[in-house]
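These notes are about the structure you will find just below.
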Amino acid sequence: MRAVLGLAAVAALAVLPGCDPARSTVDRPEDPVVLTGSALPRLRGRAPQRIVAFRYASGAWAQVPVQVDERAVVDFGVPPSSTPGPGTVGTVYGTSASGVTALQYTDAGTFTGADRDASFDSDDELVFMSSDLGGLAPDGEPAGVQPGSGVEVTVTDPLVKDSAGWLYLFESTGALVPSAGRSYVSYDFRLLSGDYRTTYRRGDGPNPENSAVSTSRYSHHFSDRWLDDQLVVRAGSSSAVDVLDRHKNLFAPDQCGRSEDTFNDAEGAFVVNKAGPVRAIRSYVGANSGPRTQRTHFFYAGRHDIATDLRVHAIPSVMDFFDYSPAASGMRYANDRNRNGVVVDGQPDSVAAGRLSWELLTGAQGSVIHTQRLQTNVAALQEPEAVSSYYLDDATPSVVQCTGDATAYGSSGPWVVRGIPDTDPASGTTNVVRALRSTTYRPPGVTNGDADLAWQRIAFGLAATTRDR
10 MRAVLGLAAV AALAVLPGCD PARSTVDRPE DPVVLTGSAL PRLRGRAPQR IVAFRYASGA
70 WAQVPVQVDE RAVVDFGVPP SSTPGPGTVG TVYGTSASGV TALQYTDAGT FTGADRDASF
130 DSDDELVFMS SDLGGLAPDG EPAGVQPGSG VEVTVTDPLV KDSAGWLYLF ESTGALVPSA
190 GRSYVSYDFR LLSGDYRTTY RRGDGPNPEN SAVSTSRYSH HFSDRWLDDQ LVVRAGSSSA
250 VDVLDRHKNL FAPDQCGRSE DTFNDAEGAF VVNKAGPVRA IRSYVGANSG PRTQRTHFFY
310 AGRHDIATDL RVHAIPSVMD FFDYSPAASG MRYANDRNRN GVVVDGQPDS VAAGRLSWEL
370 LTGAQGSVIH TQRLQTNVAA LQEPEAVSSY YLDDATPSVV QCTGDATAYG SSGPWVVRGI
430 PDTDPASGTT NVVRALRSTT YRPPGVTNGD ADLAWQRIAF GLAATTRDR
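Numbered per my numbering, the sequence shown spans residues 10 to 478.
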């Protein structure tokens, strides 16, 4: 009941050191808040396009963007032949059911299809930005919402004692829309062959694209499913040049048999391509003999999260690294094991390897902070020495550059050096290996301390509680 938080509670909140009920004291502007429908029972069963959000600030209600992403358990489908023919909605590959399923974001534009439950249900996600939090609202409701539909969300930062911010969710009467007339991210999925469902070569690539994601802080470009080949930082006074050759994947240096190019050249499919007011989602499957291996990108205004789910037979190792372009020359590279850093200049450096929490690239071109984690139930991969790191800065490398250009400028990222057991659920295994990368885009001049804090914020995410008003 809303009545339990009356004047006495407001007074109590006001004396807490980090809490000001008149405004939000949560200061994590790059971080989203994601809730599932199971945490919002009052809103379940309502139309996603009618769920709206408000903050309370300066004594008034202000609508802010909110987004619902529908999800459902979907069969992957039987991996297709080289010429699978027309697809059928209901499996990721658009083929007959395989019996292997996963909880997926749904998309009426792919073979995954729309969520069969078109209402906001328990496994759907609702997301808003912590930068849109406001103060504690009094009783009452803003105009344009259904009476009695309100839910109060309280968000706290575990790194800052007694911090708090509030956001209010309602069902619109119809005139209000979830975007509140704003969008934090633009995603243009552009397949060069035409319509995805009628032209995508699911059994045998490549499938060239000219797809782009852009926000006020950064932009990325994709030329195929796994091919991220442009990165421009736009934050602050960044020079806004493309500093990326490619985001690369290999088993090991000099081993070119498997790479993002071979992934694109084999079977594959998109799960979802979605642009909303709060985030864009790009998710796809297909990595050679891992047809169910999946990568999902979440693009926010100032942050880019990547989740890579291995679903493949046993493999010897795997690398996931960013190879920058000569335009990154002059930037400083550092990580939590090499805090003094080195200059990216195409000249070899000595950089100690090991399991990393964060990496930083900063210069006049802007700043990029990568944080990385490995989620797994495989005991051998939980040991510190199972994961190391890779760094190569050499304009004329002796190491073969399997993809992209012939140079290596600040090539860097995590490297799982220990053998990875079977993770393909089709074989009956319960092994799980999920790599998580979060990247934030900042102006020039970012410090190691900023990178430390970015890592802490990923490790200790925002907490949210809800209650009906």
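We put the CB at the ideal spot given by N, CA and C, even for glycine.
Item	Value
Touch test, the stretch 154 to 172 against the stretch 71 to 88, Cβ-Cβ under 8 Å, three pairs minimum	no
Assigned secondary structure, Pro95 (DSSP; H/G/I helix, E/B strand, else coil)	coil
Residues near Ala106 in its chain [Cβ-Cβ closer than 8 Å; skip 5 each side]	Asp84, Gly86, Val87, Gly99, Thr100
Sequence-distant residues of its chain with Cβ nearer than 7 Å to Leu365 (five each side left out)	Asn344, Asp345, Arg346, Gln381, Ser398, Pro423
Start-end ranges of the beta strand (DSSP E) lying completely within the stretch 41 to 125, minimum 3 residues	41 to 45, 60 to 66, 69 to 73, 76 to 78, 80 to 84, 110 to 114
Identity of the residue in Ala66, Val351, Pro215, Ala62 nearest Ser91 by Cα	Pro215
Backbone secondary structure at Thr380 - three-state DSSP	strand
DSSP three-state assignment for Asp459, whether helix, strand or coil	helix
Glu39 beta carbon near the ligand FMN (any heavy atom closer than 7 Å)	Looking for the ligand FMN in the displayed structure turns up nothing, as the structure carries no ligands at all.
Neighbourhood of Leu112 by C-beta distance below 7 Å, restricted to the same chain and skipping five residues each side	Arg80, Val82, Asp132
Three-state class that DSSP yields for Ala189 in the structure shown	coil
Own chain partners of Ala184 with C-beta closer than 8 Å, once the 5 adjacent residues on each side are dropped	Gly153
Nearest-angstrom beta carbon gap, Val281 and Thr456 [assumed within contact, 8 Å]	Wrong, their Cβ atoms sit about 36 Å apart, outside the cutoff.
Start-end ranges of the beta strand (DSSP E) lying completely within the stretch 241 to 267, minimum 3 residues	253 to 259
Gly454 to Gly372 span [Cα, whole Å]	7 Å
When Thr439, Gln72, Val425, Thr412 are compared against Ala362, the one with the closest alpha-carbon	Val425
Three CB pairs or more closer than 8 Å across the stretch 136 to 143 and the stretch 57 to 68	yes
Cα-Cα separation between Ala249 and Pro41, rounded to whole angstroms	25 Å
With 16 other Cβ atoms within 10 Å as the buried cut-off, status of Pro38	exposed
Meets three-Cβ-pair contact criterion under 8 Å: the stretch 170 to 187 and the stretch 232 to 249	no
Alpha-carbon to alpha-carbon, Pro147 and Tyr342	49 Å
Beta-carbon proximity list for Thr305, same chain, < 6 Å, skipping 5 on both sides	Ser292, Ala316
Contact check, Ser338 vs Tyr418, beta carbons under 8 Å	yes
Ordered list of beta strand (DSSP E) runs contained in the stretch 392 to 456, each at least 3 residues	396 to 403, 417 to 425, 442 to 451
Residue-level contact to chain D via CB, Val87, 8 Å cutoff	No chain D is present in this structure, which holds just one protein chain.
Counted within 10 angstroms of its Cβ, other Cβ atoms place Gly311 as buried (16 or more) or exposed	buried
Given Asp403 as reference, the closest of Val352, Tyr309, Leu471 once Cα atoms are compared	Val352
8 Å Cβ shell around Thr45 - same chain, five flanking residues per side excluded	Ser131, Asp132, Asp133, Glu134, Leu135
Residue nearest to Thr224 in terms of C-alpha spacing, selected from Ala289, Ala123, Ala48, Leu390	Ala289
Helix, strand or coil at Glu180 [DSSP, three-state]	strand
Local conformation of Asn297 per DSSP, three classes	coil
Which listed residue (Pro434, Asp251, Thr34) has its alpha carbon closest to that of Val321	Pro434
Alpha-carbon spacing of Gly190 relative to Val73, whole angstroms	9 Å
Arg234, enclosing alpha helix (DSSP H) - first and last residue	No alpha helix (DSSP H) holds Arg234; DSSP gives it neither H nor E.
Under 8 Å between C-beta atoms of Pro286 and Gln76	yes
Assumed close pair Gly355, Thr416 - CB separation to whole angstroms, cut-off 8 Å	7 Å
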